[in-house]
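Written out below as structure tokens is the structure these notes cover.
Protein chains: 2
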Amino acid sequence: MPVTKGTALDPARTREAILAAATELLYRRGLDGVGVAELCAAVGASKETLYRHFGSKDGLIQAVLEARSDRVHAWISTAVATAPDPAAELHAVFEALGGWFEQPEFRGCAIVNAATQRHSPPARLVAVRHLDRYLEMFTDIAARAGVAEPGELGGQLLILLEGATVVADHHRADGVARLAGRAALTLLHATEKSQP
Amino acid sequence: MPVTKGTALDPARTREAILAAATELLYRRGLDGVGVAELCAAVGASKETLYRHFGSKDGLIQAVLEARSDRVHAWISTAVATAPDPAAELHAVFEALGGWFEQPEFRGCAIVNAATQRHSPPARLVAVRHLDRYLEMFTDIAARAGVAEPGELGGQLLILLEGATVVADHHRADGVARLAGRAALTLLHATEKSQP
DNA sequence: AAGAGATCGAACCGATCGGTACTATCTCAG
DNA sequence: CTGAGATAGTACCGATCGGTTCGATCTCTT
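Residue numbers (our numbering), protein chains in the order written: chain A, 1 to 196; chain B, 1001 to 1196.
Encoded structure:
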């Protein structure tokens, strides 16, 4: 049945619905673990609709990744914004991360996972920008804390965040975020102390 | 031509040859990026030979991952063994890591990548044991350094190692290992100082 | 009222997937 | 010398892949 009778025709909403369903499925089963046909079935859309909105499976994947990157950074930024000082900001970031790791559907960072599966420009570019934003955020926190080399500490905090995500995904999830959070604060304090 | 004339018949060597070629190709292009036919062509072996030795593509993948995990840990252990004290051991680990990151064929940790692509028991188990061995190594180093809670520091060092690997793969490779290495030493010294 | 655009559902495309079967031919152990 | 096992090469299997096309049918804009 074409265009279910009584349904409002809203391309933008259709696009979002496809995006949402694809985000979940591709994250859970991997980029190569879900075919376009199954994707369409899960959305309740036809192939033609999907291809009109995204052009190709890779186009859909890219749209999914960019939207996800934006959402993740908005979420982390919110956590940071509620904290009163740099140390509390770091604590907030890793506490938020811990809440994510505990969710049963947690499967690592979708953007990094995608770049691992498709080691090609589109996915890699999204990943680079994703990590760039993390690095900028951490460097800002380090700068606000008044450390001598914010870039150095920022990079180390990025390593802690990504490392915690990988370990939570592939080793043990419980306590990893707090472990990384304590390491982050230790690094912050050590760097502060050494530069009075 | 079956069994090229003059070639010694050595199943064990054949197996190793398949393993070696598959290790390189699957690492470079991803588990789903290479078909069995291409794999056979790269090895110079027939499908029947591959399937007789490994049973299935997944069997081959598992053999590849386990061999790789063994090799990586032997390599890291060698780096550790040459250092005179815990701090030097950590330095050696991250220096070795840096050398790996700089290689043009570096594509992240093959075992973690595989577990990301196949989020199913076989690959996941190899990954868990792989990280277990890292954790044990780092915990031992922490214990030798005499810190109060070697497990805590060991876990943090594991996070640094995996984080550095991810960042080197997906963000920037140069200097990441040394950045993580300095963080590792900072954590070690901070933990030592707080527990006289 | 009419045309434009959106959507579904299905058929269809060539290519490729992992895996099997078979033959011819070689090596190697007895 | 003989039989068992290893191998290359090829053809083949059904399934699935990403992607295209088409007609029917709906909504929306004018």
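Note that beta-carbon positions come from the ideal geometry of N, C-alpha and C, so glycine has one too.
query: Taking beta-carbon pairs under 8 Å, can you tell me which members of the region 114-147 of chain A lie near chain B?; result: 115, 116, 117, 118, 119, 124, 127, 128, 131, 132 and 135
query: Measuring alpha carbon to alpha carbon, tell me which of 1008/B, 1061/B and 1002/B ends up nearest residue 1019/B.; result: 1061/B
query: Residues of chain A with CB closer than 9 Å to the CB of residue 1187/B, please, in chain order.; result: 183, 186, 187 and 190
query: Are the Cβ atoms of residue 169/A and residue 108/A separated by less than 7 Å?; result: yes
query: Residues of chain B with a CB under 7 Å from the CB of residue 107/A: which are they?; result: 1119
query: Output the distance between the C-alpha atoms of residue 2/A and residue 24/A, rounded to the nearest integer angstrom.; result: 26 Å
query: To the nearest angstrom, how far is the alpha carbon of residue 1055/B from that of residue 1006/B?; result: 27 Å
query: What residues in the region 50-75 of chain A have a beta carbon less than 8 Å from any beta carbon of chain B?; result: none
query: Which whole-angstrom value describes the C-beta separation of residue 1159/B and residue 180/A, a residue pair presumed to lie in contact below a C-beta threshold of 8 Å?; result: 5 Å
query: Excluding sequence positions up to five away, which residues of its chain have a Cβ less than 7 Å from the Cβ of residue 1092/B?; result: 1079, 1080, 1082 and 1083
query: Checking contacts by CB at 7 Å: is residue 1171/B closer than that to chain A?; result: yes
query: What is the rounded straight-line gap between the Cα of residue 1136/B and the Cα of residue 1192/B?; result: 19 Å
query: How would you write the range of the alpha helix (DSSP H) that residue 28/A sits in, first residue to last?; result: 11-29
query: Where do the ends of the alpha helix (DSSP H) carrying residue 1140/B lie?; result: 1121-1144
query: From residue 1041/B to residue 1014/B, what does the alpha carbon distance come to, in whole angstroms?; result: 14 Å
query: Give the DSSP-derived three-state secondary structure of residue 1040/B in the structure shown.; result: helix
query: Is the region 1087-1102 of chain B touching the region 1044-1055 of chain B in the sense that three or more CB pairs, one from each, lie closer than 8 Å?; result: no
query: From the beta carbon of residue 1112/B, is the nearest beta carbon of chain A less than 7 Å away?; result: yes
query: Measuring alpha carbon to alpha carbon, tell me which residue in 1156/B, 1121/B, 1171/B and 1022/B is nearest residue 1043/B.; result: 1022/B
query: Check for me: the alpha helix (DSSP H) holding residue 69/A runs from which residue to which?; result: 57-81
query: For residue 180/A, return the contacting residues in chain B, with the cut-off set at a CB-CB distance below 8 Å.; result: 1156 and 1159
query: Name the two residues that bound the continuous alpha helix (DSSP H) containing residue 103/A.; result: Looking at the DSSP string, residue 103/A is not in any alpha helix (DSSP H), and its letter there is neither H nor E.
query: In chain A, which residues lie with their C-beta within 7 Å of the C-beta of residue 1149/B?; result: Here the premise fails: no neighbours, minimum Cβ distance about 11 Å.
query: Compare the C-beta of residue 201/A with all C-beta atoms of chain B and state if any pair is closer than 7 Å.; result: Residue coverage of chain A in this structure runs from 1 to 196, which leaves residue 201/A outside it and unanswerable.
query: Helix, strand or coil: which one does DSSP assign to residue 33/A?; result: coil
query: Rounded to the nearest angstrom, what separates residue 1017/B and residue 1117/B at their Cα positions?; result: 24 Å
query: How far does the alpha helix (DSSP H) with residue 1007/B in it extend, from its first residue to its last?; result: Careful: residue 1007/B lies outside any alpha helix (DSSP H) and carries neither H nor E.
query: Tell me which same chain residues have a C-beta within less than 7 Å of the C-beta of residue 66/A, skipping the five on either side of it?; result: 126
query: Can you pull the chain B neighbours of residue 37/A, defined as C-beta to C-beta under 9 Å?; result: Under the 9 Å cutoff, chain B gives no residues; its nearest Cβ is about 17 Å from residue 37/A.
query: Which word fits residue 4/A, buried or exposed, when buried means at least 16 other C-beta atoms lie within 10 angstroms of its C-beta?; result: exposed
query: Which residues in chain A have a C-beta closer than 7 Å to the C-beta of residue 1162/B? List them in chain order.; result: 163, 166 and 167
query: Give the residues of chain B in contact with residue 152/A, contact being defined as C-beta atoms less than 8 Å apart.; result: 1179 and 1182
query: Do residue 1198/B and residue 167/A have their CB atoms nearer than 7 Å?; result: Outside the shown range of chain B, which is 1001 to 1196, sits residue 1198/B, and nothing can be said about it.
query: Can you tell me whether residue 1183/B is helix, strand or coil according to DSSP?; result: helix
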